[in-house]
Amino acid sequence: MDFSSFIHQLIQQLINGVSLGSIYALIALGYTMVYGIIKLINFAHGDIYMLGAYLGFFATAVFKMSFVPALITAMVGAAICGMIIERLAYRPLRNAPKIAVLITAIGVSLLLEYGGMLLVSPQPRTFPAVFEAQTYNFGGFVVNNQQIVILAVSVLLMIVLTYVVNRTKVGKAMRACSFDTDAARLMGIDVNRVISFTFGIGSALAAAAGVLVGVYYNSIDPLMGIMPGLKAFVAAVLGGIGVIPGAMAGGIILGVVEALVSGFISSTFRDAAAFAILIIILLFKPSGIFGKNVREKV
Amino acid sequence: MLKIENINVFYGAIHAIKGISLEVNEGQIVTLIGANGAGKSTILRTISGLLKPKSGEITFEGKGIAGKPAQDIVKLGISQVPEGRRVFANMTVLENLELGAYIRSDKQGIKDDMEVVFQRFPRLKERLTQLAGTLSGGEQQMLAMGRALMSRPRLLLLDEPSMGLAPLLVKEIFSIIKDINTTGTTILLVEQNANMALSIAHQAYVLETGRITLSGDAKELAASEEVRKAYLGG
Ligand SMILES: Nc1ncnc2c1ncn2[C@@H]1O[C@H](COP(=O)(O)OP(=O)(O)OP(=O)(O)O)[C@@H](O)[C@H]1O
Ligand SMILES: [Mg+2]
């Protein structure tokens, strides 16, 4: 490979990586926000992404919606499901030991995966083509319109999220709860409602990722959430779990690393790269790139 | 205004508050003094709804509040400045004050009250956009008090406001507490600095390992042999 083709390949993989990474980022945000408030790694989060993909699938295939309405339907539907799951499965365990909640999360995850198989069959479904696939060639770099849509939707959602968290009253309440739950209570903040809202937002973002992936890869199945769920978790840890910009950066970095590994080494090592990152981060900087020194709450 | 009757509070199996009764009359400063671990903070946390008493009654302005969620109690007009200030360190001074007014939606009223807080604590105004975590201990105490005042409480609970402050600052904080009281806010003050607390309070209660051992007029208690020996250094 000569130098110019190397550069070409590099840039092409960066383009692919950023679009894949923005999917991880959307999922990672839900992990990180929920962890920020209730210190729970919500292992069912990847399955909410799957649920979102199916909601998007039914919205487009059965109800013949176009892309944007289908995306919104999936996000709202997943938000409601996320809030119901929190209410039924996690809230009763609010004062229970961490391990009980973690095990419950794994249970919810399995329920969604195998309950999903029961309801919609384990067969992969073909996601309807909501846009005509088009590829653009910018001076030799290939970008397709799906990648552009993925990036545009992800960036838009992240901007909206950043605004909500930093500028709105509910966003301030979220940050307050995440920093010090009892102090937040003393401000008159209904912590249960904030937690519910956090699950709602996180689930909506994961659902958006699910729909985008459906559009991009055309194929969805009930176990599709497992791997991206784990990878998004890696992304959240990489960025610093509990830190919102960290999840965004972690997702993008992970996506780029994966794309580079599959472009330059072999796509077989793609998944290994993600978990190698996890191990490296846990060994050398467990608080993640953006994480402050770990300061457990007393 | 506030009446606590025979409450018992537990942390798991630990019986922290053993049948305590106390009363806070409107317009007064009432202080609760006692050694480390006596249960002072536990009482405040129970009034605020962060803890539920196992038994007993708490009434505020005639309404039973024992076991109500904390956010409802703030709305009734009780605000707490917790031990160790507990400001939101990763947020600005302004955001902390805004959170203090979380239960309110009267924009103009919030603005006006913020001005009142700035008059009381001019240093906060100079540091509006600074992160609360970067304030000095005294400034954080002022912020915690300003934040608590932003909900317009009729009863203010203060948990060791003098903790870790230099003597000069302690004096300043106590004169501010007195001033907050004269402008119409009833205060329940928890302190280790019994001397200072008794000097500004009307009524006082002495707490020992979960029980009230002495109570009465603050001036009289300050003069009593028992209190002088145990809490005022002879
Ligand atoms: N979260 C908790 N879990 C278990 N025990 C607790 C907890 N908080 C307080 N206690 C116990 O309850 C008792 C009363 O504690 P509390 O914090 O109310 O004391 P305090 O009078 O405020 O002391 P200090 O002056 O040191 O602040 C202590 O024996 C303490 O060890
Ligand atoms: Mg205390």
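Just so you know, the protein sequences line up as chains A and B, in that order.
The first sequence lines up with residues 2 to 299 when you count with this note's numbering.
The second sequence lines up with residues 403 to 636 when you count with this note's numbering.
Just so it is clear, CB atoms sit at the ideal spot from N, CA and C, and this is done for glycine as well.
key: Buried versus exposed call for E465 (chain B) [16 or more other C-beta atoms within 10 Å across all chains shown]   = Reading the second sequence from its first residue, position 63 is the one you call residue 465 (chain B). One detail in the question is off: residue 465 (chain B) reads as Lys in this sequence, not Glu. Exposed: under 16 other Cβ atoms inside 10 Å.
G201 (chain A) in three-state terms, based on DSSP = Locating residue 201 (chain A) in the first sequence gives position 200, counting from the first residue. DSSP places G201 (chain A) in helix when its eight states are reduced to three.
request  = Count the other C-beta atoms from every protein chain shown that fall within 10 angstroms of the C-beta of N595 (chain B), then say buried if there are 16 or more, exposed otherwise.
outcome  = Position 193 of the second sequence, counting from 1, holds the residue named residue 595 (chain B). Buried is the call here.
ask   = For A106 (chain A), which residues from the same chain have a beta carbon less than 6 Å from its beta carbon, with the 5 sequence-adjacent residues on both sides left out?
value = Working through the first sequence from its first residue, we reach residue 106 (chain A) at position 105. These residues qualify, in order along the chain: N43, F44, A45.
query = Using the beta-carbon count (16 or more within 10 Å), is G586 (chain B) buried or exposed?
reply = Counted from its first residue, the second sequence places residue 586 (chain B) at position 184. Looking at its Cβ environment, which holds fewer than 16 other Cβ atoms inside 10 Å, G586 (chain B) is exposed.
query = Around the C-beta of E562 (chain B), are 16 or more other C-beta atoms found within 10 angstroms, so that it is buried, or is it exposed?
reply = Taking the first residue of the second sequence as position 1, residue 562 (chain B) is located at position 160. Label assigned to E562 (chain B): buried.
inquiry  = To be precise: take each residue of the region 184-209 of chain A, compare its Cβ to all Cβ atoms of chain B, and keep it if any distance is under 7 Å. Which residues remain?
reply    = A184, R186, L187, M188, G189, I190, D191
key: Own chain, CB closer than 8 Å to T127 (chain A), minus 5 neighbours either side, in chain order   = Counting from 1 along the first sequence, the entry for residue 127 (chain A) is found at position 126. Here the set comprises N219, S220.
request  = Report the residues of the region 167-179 of chain A with a CB closer than 8 Å to any CB of chain B, ordered along the chain.
outcome  = K170, K173, A174, R176, A177
inquiry  = Taking DSSP's pairing of strands, which residues face Q482 (chain B) in a bridge?
reply    = As a working note, residue 482 (chain B) is residue 80 in the second sequence. For Q482 (chain B), which the question treats as bridged, DSSP gives the partners B:L559.
request  = Could you list which residues in chain A have their beta carbon closer than 7 Å to that of E500 (chain B), in chain order?
outcome  = Taking the first residue of the second sequence as 1, we reach residue 500 (chain B) at position 98. Ordered by position in chain A, the residues that pass the 7 Å Cβ test against E500 (chain B) are K173.
inquiry  = Could you compute how far the alpha carbon of V165 (chain A) sits from the alpha carbon of G31 (chain A)?
reply    = For the purposes of this step, residue 165 (chain A) is taken as residue 164 along the first sequence, with counting starting at 1. For the purposes of this step, residue 31 (chain A) is taken as residue 30 along the first sequence, with counting starting at 1. Whole-angstrom Cα-Cα distance: 14 Å.
ask   = Residues in the region 208-227 of chain A with C-beta within 8 Å of chain B's C-beta atoms, listed in sequence order?
value = For chain B, none of the residues of the region 208-227 of chain A brings a beta carbon within less than 8 Å of one of its beta carbons.
key: Members of the region 518-537 of chain B that neighbour chain A once the beta carbon cut-off is set at 7 Å   = Listed in sequence order: no entries.
task = Determine the DSSP secondary structure at V131 (chain A), reduced to helix, strand or coil.
result = Residue numbering aside, residue 131 (chain A) sits at position 130 when the first sequence is read from its first letter. Here V131 (chain A) sits in coil by DSSP.
ask   = Nearest to G117 (chain A) by CA position, among A:A130, A:V192, A:Y55, is which residue?
value = Here residue 117 (chain A) is taken as the residue at index 116 of the first sequence, counted from 1. Measuring from the Cα of G117 (chain A), the nearest candidate turns out to be A:Y55.
I160 (chain A), buried or exposed, once every other Cβ within 10 Å from all chains shown has been counted against 16 = The sequence position of residue 160 (chain A) within the first sequence is 159, counting from 1. By the 10 Å Cβ count, I160 (chain A) comes out exposed.
query = Does the separation of the CB atoms of G211 (chain A) and Y25 (chain A) fall below 7 Å?
reply = Mapped onto the first sequence, residue 211 (chain A) falls at position 210. Mapped onto the first sequence, residue 25 (chain A) falls at position 24. No. Outside cutoff.
ask   = If the cut is a Cβ gap below 9 Å, which residues of chain B does D272 (chain A) touch?
value = For the purposes of this step, residue 272 (chain A) is identified with residue 271 of the first sequence, where counting begins at 1. At a beta-carbon threshold of 9 Å, none of the residues of chain B lie near D272 (chain A); the nearest stands roughly 35 Å away.
ask   = What's the gap between the Cα of Q148 (chain A) and the Cα of A207 (chain A)?
value = On the first sequence, residue 148 (chain A) is found 147 positions in, with the first residue counted as 1. On the first sequence, residue 207 (chain A) is found 206 positions in, with the first residue counted as 1. Rounded to whole angstroms, Q148 (chain A) to A207 (chain A) spans 17 Å at the Cα level.
query = Touch check for the region 71-86 of chain A and the region 15-29 of chain A: three-plus C-beta pairs under 8 Å?
reply = no
ask   = Closer than 7 Å from C-beta to any heavy atom of ligand 2: which residues, in chain order?
value = B:K442, B:S443, B:E485, B:D561, B:E562, B:V592
Contacts of R488 (chain B) in chain A (Cβ-Cβ under 7 Å) = The residue labelled residue 488 (chain B) in the question sits at position 86 within the second sequence. Near R488 (chain B) (Cβ distances below 7 Å), the residues of chain A are D181, A184.
Whole beta strand (DSSP E) elements within the region 159-210 of chain A, 3-residue minimum = none
inquiry  = Buried or exposed for G78 (chain A), going by 16 or more other Cβ atoms inside 10 Å?
reply    = On the first sequence, position 77 is the one that residue 78 (chain A) refers to. Buried is the call here.
inquiry  = Judging by CA-CA distance, which residue of A:K232, A:A260, A:G264, A:L284 is the nearest neighbour of A29 (chain A)?
reply    = On the first sequence, residue 29 (chain A) is found 28 positions in, with the first residue counted as 1. When only C-alpha atoms are compared, the closest one is A:K232.
ask   = With 7 Å set as the bound, which would you pick, yes or no: does the beta-carbon of V495 (chain B) sit closer than that to a beta-carbon of chain A?
value = Along the second sequence, one-based indexing puts residue 495 (chain B) at 93. No, its Cβ sits nowhere closer than 7 Å to a Cβ of chain A.
query = Under 7 Å, do G458 (chain B) and I409 (chain B) count as touching if we go by C-beta distance?
reply = Here residue 458 (chain B) is taken as the residue at index 56 of the second sequence, counted from 1. Here residue 409 (chain B) is taken as the residue at index 7 of the second sequence, counted from 1. Cβ atoms of G458 (chain B) and I409 (chain B): closer than 7 Å.
key: DSSP-derived helix/strand/coil call for G436 (chain B)   = Stepping through the second sequence from its first residue, residue 436 (chain B) is reached at position 34. DSSP places G436 (chain B) in strand when its eight states are reduced to three.
query = From I422 (chain B) to V121 (chain A), what distance separates their C-alpha atoms?
reply = In the second sequence, counting from the first residue as 1, residue 422 (chain B) sits at position 20. In the first sequence, counting from the first residue as 1, residue 121 (chain A) sits at position 120. Distance between the alpha carbons of I422 (chain B) and V121 (chain A) is about 60 Å.
query = Per DSSP, G466 (chain B) forms a beta bridge with which residues?
reply = For this step, residue 466 (chain B) is matched to residue 64 along the second sequence. G466 (chain B) is bridged to B:T461.
request  = Could you name the residues of chain A that V411 (chain B) contacts, counting a contact when the two beta carbons are closer than 8 Å?
outcome  = Here residue 411 (chain B) refers to the residue found at position 9 when the second sequence is read from its first residue. Neighbours of V411 (chain B) on chain A: none; closest Cβ ~15 Å, over 8 Å.
ask   = Does any C-beta atom of chain A lie closer than 7 Å to the C-beta of Y504 (chain B)?
value = Here residue 504 (chain B) refers to the residue found at position 102 of the second sequence. Yes, Y504 (chain B) counts as interfacial toward chain A.
The region 185-202 of chain A contacting the region 60-69 of chain A, beta-carbon criterion three pairs below 8 Å = no
ask   = Using DSSP with H/G/I as helix, E/B as strand and the rest coil, what is N145 (chain A)?
value = The count along the first sequence starts at 1 and reaches residue 145 (chain A) at position 144. Strand at N145 (chain A).
Exposed unless 16 or more other CB atoms sit within 10 angstroms - verdict on T61 (chain A) = Your numbering for residue 61 (chain A) matches position 60 in the first sequence. T61 (chain A) counts as buried, since no fewer than 16 other beta carbons sit within 10 angstroms of its beta carbon.
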